[in-house]
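There are 4 protein chains.
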Amino acid sequence: MANSKYAYVRNFELPDPLLPGTFMLFRLDGHSFHRFSDTHEFTKPNDVRALQLMDHAAKDVMEEYPDIVLAFGESDEYSFLLRKSTALYNRRGSKIVSTLTSLFTSCYVFHWPKYFPDRPLLYPPSFDGRIVLYPTEKHIRDYFAWRQADTHINNLYNTTFWALVQQGGQTTTEAHATLKGTFSKEKHEILYARFGVNYNQLDARYRKGSVLLREEIVPKEEDGVQEHAAPATPAPEEAAEGKAAEEDAVAADRTVADGTENEPVPLPEKAGSTRRANKASAAKKKAKQPQTRIDLLHCDIIKDEFWDTHAGILAE
Amino acid sequence: MANSKYAYVRNFELPDPLLPGTFMLFRLDGHSFHRFSDTHEFTKPNDVRALQLMDHAAKDVMEEYPDIVLAFGESDEYSFLLRKSTALYNRRGSKIVSTLTSLFTSCYVFHWPKYFPDRPLLYPPSFDGRIVLYPTEKHIRDYFAWRQADTHINNLYNTTFWALVQQGGQTTTEAHATLKGTFSKEKHEILYARFGVNYNQLDARYRKGSVLLREEIVPKEEDGVQEHAAPATPAPEEAAEGKAAEEDAVAADRTVADGTENEPVPLPEKAGSTRRANKASAAKKKAKQPQTRIDLLHCDIIKDEFWDTHAGILAE
Amino acid sequence: MANSKYAYVRNFELPDPLLPGTFMLFRLDGHSFHRFSDTHEFTKPNDVRALQLMDHAAKDVMEEYPDIVLAFGESDEYSFLLRKSTALYNRRGSKIVSTLTSLFTSCYVFHWPKYFPDRPLLYPPSFDGRIVLYPTEKHIRDYFAWRQADTHINNLYNTTFWALVQQGGQTTTEAHATLKGTFSKEKHEILYARFGVNYNQLDARYRKGSVLLREEIVPKEEDGVQEHAAPATPAPEEAAEGKAAEEDAVAADRTVADGTENEPVPLPEKAGSTRRANKASAAKKKAKQPQTRIDLLHCDIIKDEFWDTHAGILAE
Amino acid sequence: MANSKYAYVRNFELPDPLLPGTFMLFRLDGHSFHRFSDTHEFTKPNDVRALQLMDHAAKDVMEEYPDIVLAFGESDEYSFLLRKSTALYNRRGSKIVSTLTSLFTSCYVFHWPKYFPDRPLLYPPSFDGRIVLYPTEKHIRDYFAWRQADTHINNLYNTTFWALVQQGGQTTTEAHATLKGTFSKEKHEILYARFGVNYNQLDARYRKGSVLLREEIVPKEEDGVQEHAAPATPAPEEAAEGKAAEEDAVAADRTVADGTENEPVPLPEKAGSTRRANKASAAKKKAKQPQTRIDLLHCDIIKDEFWDTHAGILAE
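Protein chains in written order, with the working numbering: chain X, 1 to 316; chain V, 1 to 316; chain Z, 1 to 316; chain D, 1 to 316.
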């Protein structure tokens, strides 16, 4: 009542649907993580606890959102691939980007004590997120190649830099100067010649980053609980889909009408129908959604092998 | 090097600037909070600890972002008003909505134990966020009136509903039936006649929601510490700018690093240069930024009095 | 039938509503008009026939679209102001920008022979259009001031330039060199001293551009036909509004439901409701739309006087 | 000078780039063409002159914009396919949709007298346009199938309807009633049994619509003029680039002119520099652009044959 007179302000909320039929790439980055990692005394050049915490948060997000089929993390960033056909939150941009960023952040803070039992969180960290749309599989492969190549470049640089500082006794300024203008090969040599480090034998986690992969579980004759089984708990879209059911009914009626070819039926306004169609197919799909588990790997994702082996990632 | 060949994927990131010269209203809502409040056994109809935790998180967000001048919270939602002239993150929609949602979420989880010392968090909660633009002061007043009217309607309903259940011995189904079709006046009567409750004397926090107001501190001739003084800690926008500085440094590092790997290819981050330029001017502006403190109130924000008294909220 | 199987492609049409409550400024510019004016031998520095043709086309557009309250033209560009509250085509960006650009173009070609009776159109000219949103009246005044100041700067330059060429016998290269680095005052002097031209006495059309202003006609006791009366013909939005009527009914029902305060009613999805609310108010408004006529002026629109005299332009 | 103080209003123009790597489908529709065709007494059910005029305008548009590789028209609508990789106007949505709609409209009015020599245009017609993005070839095929299926459905209905009215002596209301609920087969029977019309022998133009196809011309050892040769006139993208050059020149002029007026203030046209850069690379690309001609067909575009035969349409 009192409310209805002000409710017009809702009309200023504009729709922000993301183009259907395209891959959604959701990436988040730590906000001011230089300061955060200093304050919490992360080990340089890599803090395995911090990286494991990132992986844990990312895995939680994937368990909550089955339409995420692949993720890749390095340092304080994580990228998530959603299926091309996902109807998550009706593909509304703000809703997806804010919810996924929120859940990741929440998991990060929630799990902190498991990874840093002796170092309490001193202040709440935050992340920013964005969604980028890619039309084809090639784009997706190139996107992940871009991130993993970046991991390599940064890690080689940082590993050499911190070796110079921590073991070589250089100041950070000196170390920067030492590395200025060097090529990859020279950094390998510095590491090997001066510090006895064979870069290629360092932990693959640091060199390759973290790959989280959703794998379908082939059910072994109903043999019970899978260790990594995806949550039987209410899937996140369920609420939305309840609402969709009614709308589908309407859409279906219309199709019948069209079917009779009666007249050049003016098609209904598009915004609406997009939503309905998408919801409908989402509902159907979920019914068939197989059990999956999420595996953590530290492997190459630039070459063909990974994609050939896991062809299901990009398939619909 | 390896990187430059894939970096074209960045071109798919499209700009999403929000119209200048308009008020930004950022609202976040708890995600599946029915389930969350049940699992954590929130008191019905209102759990004061949960509400105080929301207020705390919201206040933290305001302390970090000085362009937020007003906020209003009820239940599991919070609305934040950013100045019309804000240049926060160059007004990029995704960046703002994801960062603010993330920080709020982080604060919520971080402060949980202070408000629920005996009830550990069982799983990580999340929120979704959105930004709505409003051109005029009237819209902003109506927006906040809309939310506070909603608080009233919901709280009166819920208070009566739970009185019927907790004190009146009705099932929830019966209580819904009792209230179906009733007007405001009838609910007041039920509360008073059957449960001796004068609704208007209930805690204003429940009836009016929470108002967080940024107030300028008039310095009393350097007389020392203000009780509510804003944090001497990393000043509000400072973090953001600190980050900008870092990011630039990193970017520089990367360029160097890349450069040495063969072809430097400074990535054409279109938005980037703009961002930095804006940051610079933001920095100048901040120099003049007065000290402020954030007050928590539970007052009427529908009538003129509040807005007349705090005319600075909507002024630039 | 055959059709329904492909109709899913409509789902890729995304909504593009423009923020409500803001002024829409629609500007169009001639496409490759240097070539067009050369080919058609426009008089330099100003071709009055070409300018009158622009004015005619612009006036036709205003007669077709009553929500356009002001327009300003110079050279091969025209700017149109739509009321803040306009619900034209439901504020869909592409629809408005394409339709208005199309109609202007059509009028331009249609009326060409009236203004160039001896010079047939040699090929079809085109225009591009864009819409910019402005939140406040000040922005609108500054926008029009920007365009008129531009008219002044360009026209003074061009007038002097072509005097040097046509009367002073300079080549275009020489004329450019002569004017390089000159101030406004010096151009005035060149015109006066060398060519006896008092710039301020030139036709105001060239110095001030063209202002098209919608004025309300005060009916003189039903005394019959107004010469410039707006078309009684079907207003362009009518079709759209027919469709809106049904939707309004639905929206109205919901309001009733809310009125009873039954329960924290989940408000309907926003995209839809925006449309409905806007349509409803549009329908009401048109019923009351007064008779108007469109006047052509060549006056100053930078100073207050114009806006004080025609306060109705920015009022709702 | 005066100008610089207002030029801030340009900052309200927001970028509207279309996602790279996707097909652009540009469709335009006649605005109020029921009224337009009645006023100009178009023949029912199909007016061959009006359809040929549409084809002519569409062909002109394709000749001006070489990135359009296919078009399909029926009734008062036309759809144009732009290559996935097109960088036309830097993929700015408003610019593309407004310019193409404008040029089509202009051509329509310009060529009118050729097709309706005895029937002068009574008022200027207009069109609206929109762009829809499609990620894959399948979507494009389905889009065109959707339009051609629509052509079939509409034309069969209209042909039968007007036979009932024009030859069968029914009123339009009666004819609607006769056809209500009928299937395709029944309409065929009505036509054949009552009017001796074999629908499948009617002009393919009416049954299949118009297909405009860009074909590469295989040069036969410089053997001179091709019959259908593309215009030696200002090459397709050339106009656009010519304009770019001019615009730059103008911009330069303006800077100079402004500069001399006191404060030059070269307007920071953010998009501008990008645009020029892109233009440059576009220019290079064009150098290699083969000669093409545009063929008009009235063939099936739903089945594979068309797409197999003209595989170049979707290839890059």
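The C-beta atom is built at its ideal place from N, Cα and C for all residues, glycine as well. None of these values were measured; they are calculated from a predicted model.
Cβ-heavy atom distance, residue i to the ligand NAP, below 8 Å
i: threonine 173(X); result: Of ligands this structure carries none, so the ligand NAP is not represented either.
Chain D within 9 Å of residue i, Cβ atoms only
i: proline 66(Z); result: no
i: isoleucine 131(Z); result: yes
i: lysine 84(X); result: yes
i: phenylalanine 104(Z); result: yes
i: histidine 388(Z); result: Chain Z is shown only over 1 to 316; residue 388(Z) falls outside these bounds and no answer can be derived.
i: aspartate 319(Z); result: In this structure chain Z extends from 1 to 316, so residue 319(Z) is not present and cannot be described.
i: lysine 59(Z); result: no
i: alanine 311(Z); result: no
Per-residue contacts from residue i into chain D (C-beta, under 8 Å)
i: phenylalanine 12(V); result: Leu19, Pro20 and Gly21
Residue-chain proximity (residue i, chain V), Cβ-Cβ < 9 Å
i: threonine 136(Z); result: yes
i: proline 15(D); result: yes
i: glycine 209(X); result: no
Residue i: contacting residues in chain Z (beta-carbon distance under 9 Å)
i: threonine 99(D); result: His31, Thr101, Ser126, Phe127, Asp128 and Gly129
Where residue i meets chain X, residues with beta-carbon distance less than 8 Å
i: phenylalanine 116(V); result: Within chain X, no residue comes near phenylalanine 116(V); the closest Cβ sits about 14 Å away, beyond 8 Å.
Chain-ordered chain Z contacts of residue i [CB-CB under 8 Å]
i: histidine 332(V); result: Lying outside 1 to 316, the shown extent of chain V, residue 332(V) is not represented and no answer is given.
Beta carbon proximity, residue i to chain X, threshold 9 Å
i: histidine 298(V); result: no
Rounded distance between the beta-carbons of residue j and residue i, thought under 8 Å
i: valine 97(X); j: serine 106(V); result: Not a contact, Cβ separation roughly 16 Å.
i: leucine 28(V); j: phenylalanine 127(V); result: 5 Å
i: isoleucine 318(Z); j: glutamine 148(Z); result: A query on residue 318(Z) cannot be resolved here, the shown segment of chain Z reaching from 1 to 316 and no further.
i: leucine 213(D); j: histidine 310(D); result: 6 Å
Within chain V, partners of residue i - CB distance below 8 Å
i: leucine 88(X); result: Under the 8 Å cutoff, chain V gives no residues; its nearest Cβ is about 12 Å from leucine 88(X).
Contact list for residue i against chain Z, beta-carbon separation under 7 Å
i: aspartate 142(D); result: Tyr6 and Val9
i: leucine 121(D); result: Phe110
Beta carbon proximity, residue i to chain Z, threshold 9 Å
i: aspartate 38(D); result: no
i: tryptophan 307(V); result: no
i: leucine 28(D); result: yes
Residues that residue i contacts on chain X, provided the C-beta gap is smaller than 7 Å
i: alanine 145(V); result: Tyr6
Closer than 9 Å at the beta carbon, the chain X residues around residue i
i: lysine 95(V); result: Asp128, Gly129 and Arg130
Problem set entry | 4-residue-minimum alpha helix (DSSP H) runs that sit fully inside the region 77-161 of chain X, ordered along the chain | Complete alpha helix (DSSP H) runs here, min 4: 93-115.
Exercise. Are at least three pairs of beta-carbons, each pair with one atom in the region 49-64 of chain V and one in the region 290-307 of chain V, less than 8 Å apart?
Worked result: Because the criterion of three Cβ pairs below 8 Å is met, the region 49-64 of chain V and the region 290-307 of chain V touch.
Exercise. How about the region 66-77 of chain D and the region 64-78 of chain Z: do they share at least three Cβ pairs that are nearer than 8 Å?
Worked result: Three or more beta-carbon pairs separated by less than 8 Å are not found between the region 66-77 of chain D and the region 64-78 of chain Z, which leaves the two stretches without contact.
Problem set entry | Sequence ranges, alpha helix (DSSP H) only - wholly within the region 183-211 of chain X, length at least 4 | Counting only runs of 4 or more, we get 184-189 and 204-208.
Problem set entry | Touch test, the region 12-29 of chain V against the region 144-155 of chain X, Cβ-Cβ under 8 Å, three pairs minimum | Judged by Cβ distances under 8 Å, the region 12-29 of chain V makes no contact with the region 144-155 of chain X, as fewer than three pairs qualify.
Exercise. Three or more beta-carbon pairs under 8 Å between the region 123-132 of chain Z and the region 153-160 of chain Z, yes or no?
Worked result: Result no; under three Cβ-Cβ pairs closer than 8 Å.
Exercise. Taking contact to mean at least 3 C-beta pairs separated by less than 8 Å, is the region 30-42 of chain D in contact with the region 34-48 of chain V?
Worked result: Contact between the region 30-42 of chain D and the region 34-48 of chain V is not established, with fewer than three Cβ pairs separated by less than 8 Å.
For this session: Starting from the N-terminal side, write out each stretch of the alpha helix (DSSP H) that is 4 residues or longer and does not extend beyond the region 25-82 of chain D.
Result: Look at the region 25-82 of chain D and you find these whole runs of alpha helix (DSSP H), each 4 residues long or longer: 33-39 and 48-64.
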